[in-house]
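Asks: Just dropping this structure here.
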Amino acid sequence: MVKAVSDRALSVASFKVMDILERANQLSANGHEVNHCEVGQPGTGAPKLVAQAAVDALNSGTNVLGYTDAFGLLPLRQKIADHYTTKYKDLKQAPLTSRIVVTTGSSGAFLLAFTACFDAGDVIAIASSGYPCYRNILSALDCDLAHININHEFKLTACELRAEVEKRKETPDAKQIKGLILSSPGNPTGAMLTPDELKELCEYCDKEDIQFLSDEIYHGITYGKQESTALEFTSNAIIINSFSKYYSMSGWRLGWMVIPEHVVSAINSLQQNMFINAPTVSQTAALKCWEDETTAELENHVAKYRLSREIILKALAKLPGLDQEKIAPADGGFYVYIDLGDENTAPGMGSVAMCSAFLEEKYVALTPGIDFEDPSTELGDRRFRISYAGGIETATQAMERLATFWPSWIDRVKQAKSSSQDK
């Protein structure tokens with residue numbers, strides 16, 4: 139019997155946070171109370187009106203919930219178009235329903251956008267720190283990656299991109315950058331580009347013929363700073379969003395793209411062949427996402443995220459020896475990203491070991507930075523992410539447990555450094 143597994147599949151790294159979730163679930167099954175601060179999944183379900191709309195559709199007796207247009211239900215695309223003209227006041231061009239694609243989550247959008255825009259061997263820029271599935275999907279498609287380090291504000295701006303582009307132009311035989319994918323607010327950092335920074339980035343990508351993919355799935359979850367969409371500054375970017383985060387519908391597998399005219403035909407063909415259409419019951423239910431009652435419910439979630447964020451930042455500020463300058467700003471989303479620094483790590487005692495020990499000893503699941511950093515560097519074993527999507531009680535208990543764990547971790551690091559010096 140032939141048991142073939144492609145080299146492409148074997149080359150794709152696992153999504154480490156899901157491995158951590160698996161171990162956390164094992165501990166829960168063994169009777170331990172685990173605080174889940176590893177996954178970026180809201181602790182709330184879908185909004186009430188959305189859930190009820192799905193039930194009504196399933197029980198209607200007349201709605202067969204069959205195939206939709208490849209780009210999705212027209213009324214839903216119109217709702218998305220209206221959302222942009224309502225939320226963002228200075229759009230370069232108001233999105234047309236013909237350029238809105240309802241996708242199978244943002245993951246489906248990534249695959250459609252990558253295959254529509256890039257060929258094997260093309261160089262795509264990603265941030266380090268950044269969402270690991272960008273790297274893993276692009277690698278599976280045989281694209282080359284340009285990992286660009288974030289700056290001291292935990293951001294990738296036009297300045298960092300320009301430096302990488304100029305370096306490649308000056309290097310004989312170096313491939314030039316074909317595309318950039320970037321999230322703002324970022325995962326894992328929570329850092330958000332200012333409107334001026336996003337404008338400059340869009341203009342630079344247009345100038346250098348770099349296809350910009352703006353991942354905006356954390357829009358709506360911000361804490362006092364102004365969020366902007368790339369649609370305000372360019373008509374060439376691909377905008378990716380999702381119903382998973384702000385709309386609290388992660389398992390419904392629903393997202394969307396706003397795409398420029400030059401990729402409409404390609405993405406239509408790819409969607410027809412890869413997915414046919416996003417789940418029809420999810421699309422039908424999502425029509426209720428912009429009702430006043432739904433918005434009030436979702437804004438209540440954001441208020442809880444804000445409180446959880448404050449709980450975590452205050453707790454981190456009390457940890458002795460943790461440099462507060464090495465904590466990302468957490469402008470949006472529901473993550474805090476921390477760099478332990480050299481002072482709180484030792485050989486074999488980095489964030490991977492810390493997160494593992496914290497889970498096994500205190501039953502709190504965090505995500506080490508190896509998921510989010512350039513694999514060729516050591517940064518991944520120095521940084522870690524705390525998700526506060528799970529609720530106020532989870533955040534509070536997790537930080538109480540961290541306060542009791544931290545002194546023992548520092549002692550272990552000191553002992554490891556001492557042993558290393560003695561050798």
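Start counting the sequence shown at 139; every next residue gets the next number (the working numbering).
For glycine and all other residues, C-beta sits at the position ideal for the given N, C-alpha and C.
1. Spatial neighbours of V303 within its chain, please: C-beta separation below 7 Å, excluding the five flanking residues on both sides.
2. Below 8 Å, how does it come out for the segment 334-352 and the segment 370-381: are there three or more Cβ pairs, yes or no?
3. Measuring CA to CA, which of Y342, Y384, G389, Y385 is closest to A368?
4. Using alpha carbons as the reference points, say which of N289, G210, C175 lies closest to F413.
5. Name the one or two DSSP bridge partners that F248 has.
6. Just mark S386 as buried or exposed, buried being the case when its beta carbon has 16 or more other beta carbons within 10 Å.
7. Go ahead and pull the three-state DSSP assignment for N379.
8. By DSSP, does R391 sit in helix, in strand, or in coil?
9. Give me the DSSP bridge partner(s) of C287.
10. Could you tell me which of A263, E463, G471, S420 sits nearest to G204, measuring between CA atoms?
11. Please state the DSSP three-state secondary structure of V502.
12. Within the chosen definition, does the segment 147-159 reach the segment 390-401 through at least 3 CB pairs nearer than 8 Å?
13. Between L299 and P233, what straight-line distance do the alpha-carbon atoms span, to the nearest angstrom?
14. Hey, could you find the ends of the beta strand (DSSP E) L234 is sitting in?
15. Please identify the residue among I530, P326, Q216 whose C-alpha is closest to the C-alpha of R447.
16. Using only CA atoms, which one of I218, N374, C271, A536 lies nearest to K452?
17. Per DSSP, what kind of secondary structure is S446 in: helix, strand or coil?
18. Taking all protein chains shown into account, do 16 or more other C-beta atoms lie within 10 angstroms of the C-beta of H290, making it buried, or fewer, making it exposed?
19. Across the segment 451-465 and the segment 476-487, are there enough close Cβ pairs to call them in contact, namely three or more that are closer than 8 Å?
20. Per DSSP, which residues does M537 bridge with? Please list them.
21. Let me check one thing: in DSSP terms, what residues is H174 bridge-paired to?
22. Once the 5 residues before and after S558 are set aside, which same chain residues still bring their CB inside 7 Å of it?
23. Would you mind giving the Cβ-Cβ distance between L250 and I262, rounded to the nearest angstrom? I have them listed as a contact below 8 Å.
24. What is the residue span of the beta strand (DSSP E) that Y473 lies within?
25. May I ask you to list the residues that DSSP assigns as paired with V240?
26. Taking the alpha-carbon of C427 as reference, which of D145, V172, G169, L187 has the nearest alpha-carbon?
27. For N406, which residues of its own chain have a beta-carbon under 6 Å away from its beta-carbon, when the five flanking residues on both sides are left out?
28. By alpha-carbon positions, which one of R520, T418, E160, V502 ends up nearest to M487?
29. Which stretch, first to last residue, makes up the beta strand (DSSP E) that contains L318?
Replies: In short, the structure shows the following:
1. Within the sequence shown, the letter at position 165 stands for residue 303. Same-chain partners within the cutoff: I315, E346.
2. yes
3. The residue given as residue 368 occupies position 230 in the sequence shown. The residue with the shortest Cα to Cα distance from A368 is Y342.
4. The sequence position of residue 413 within the sequence shown is 275, counting from 1. Closest option to F413, Cα to Cα, is G210.
5. Against the sequence shown, residue 248 aligns to sequence position 110. Answer by DSSP bridge pairing: none, since F248 is not bridged.
6. The count along the sequence shown starts at 1 and reaches residue 386 at position 248. With 16 or more neighbouring CB atoms inside 10 Å of its own CB, S386 falls in the buried class.
7. By one-based count along the sequence shown, residue 379 stands at place 241. For N379, the three-state secondary structure derived from DSSP is strand.
8. Locating residue 391 in the sequence shown gives position 253, where the first residue counts as 1. If DSSP states are grouped into helix, strand and coil, R391 belongs with coil.
9. Taking the sequence shown and counting its residues from 1, the one referred to as residue 287 is at position 149. It is Asn, not Cys, that sits at residue 287 in the sequence shown. Looking at the DSSP output, N287 bridges to S266.
10. What you label residue 204 is simply residue 66 of the sequence shown in a count that begins at 1. Among A263, E463, G471, S420, the Cα nearest to that of G204 is on S420.
11. Along the sequence shown, read from residue 1 onward, the residue named residue 502 stands at position 364. Strand at V502.
12. Result no; under three Cβ-Cβ pairs closer than 8 Å.
13. Position 161 of the sequence shown, counted from the start, is the residue given in the question as residue 299. Position 95 of the sequence shown, counted from the start, is the residue given in the question as residue 233. When rounded, the distance between both Cα atoms is 27 Å.
14. Taking the first residue of the sequence shown as position 1, residue 234 is located at position 96. Here L234 belongs to no beta strand (DSSP E), and DSSP marks it neither H nor E.
15. Sequence index remark: in the sequence shown, residue 447 carries index 309 (1-based). Residue I530 is the option with its Cα nearest to R447.
16. For the purposes of this step, residue 452 is identified with residue 314 of the sequence shown, where counting begins at 1. When only C-alpha atoms are compared, the closest one is A536.
17. Translated into the one-based positions of the sequence shown, residue 446 becomes position 308. Reduced to three states, the DSSP call for S446 is helix.
18. For the purposes of this step, residue 290 is taken as the residue at position 152 of the sequence shown. Classification of H290: exposed, given that the 10 Å Cβ count is below 16.
19. Because the criterion of three Cβ pairs below 8 Å is met, the segment 451-465 and the segment 476-487 touch.
20. Counting from one through the sequence shown, the residue named residue 537 turns up at place 399. Beta-bridge analysis with DSSP links M537 to no other residue.
21. Residue 174 sits at position 36 when you count from the first residue of the sequence shown. Looking at the DSSP assignment, H174 forms a beta bridge with A503.
22. Sequence index remark: in the sequence shown, residue 558 carries index 420 (1-based). Only A484, P485 meet the Cβ criterion.
23. Against the sequence shown, residue 250 aligns to sequence position 112. Against the sequence shown, residue 262 aligns to sequence position 124. With a Cβ gap of about 15 Å, L250 and I262 do not count as contacting.
24. Start at 1 with the first residue of the sequence shown, and residue 473 comes out as number 335. It spans 473-477 - the beta strand (DSSP E) in which Y473 sits, taken as one unbroken run.
25. Along the sequence shown, one-based indexing puts residue 240 at 102. Beta-bridge pairing links V240 to W394.
26. Residue 427 sits at position 289 when you count from the first residue of the sequence shown. Answer by Cα proximity: L187.
27. Here residue 406 is taken as the residue at index 268 of the sequence shown, counted from 1. Within the same chain, and ignoring the five residues on either side of N406 in sequence, the residues whose Cβ sits closer than 6 Å to its Cβ are A208.
28. The sequence position of residue 487 within the sequence shown is 349, counting from 1. Residue R520 is the option with its Cα nearest to M487.
29. One-based indexing of the sequence shown puts residue 318 at position 180. Note, L318: beta strand (DSSP E), 315-321.
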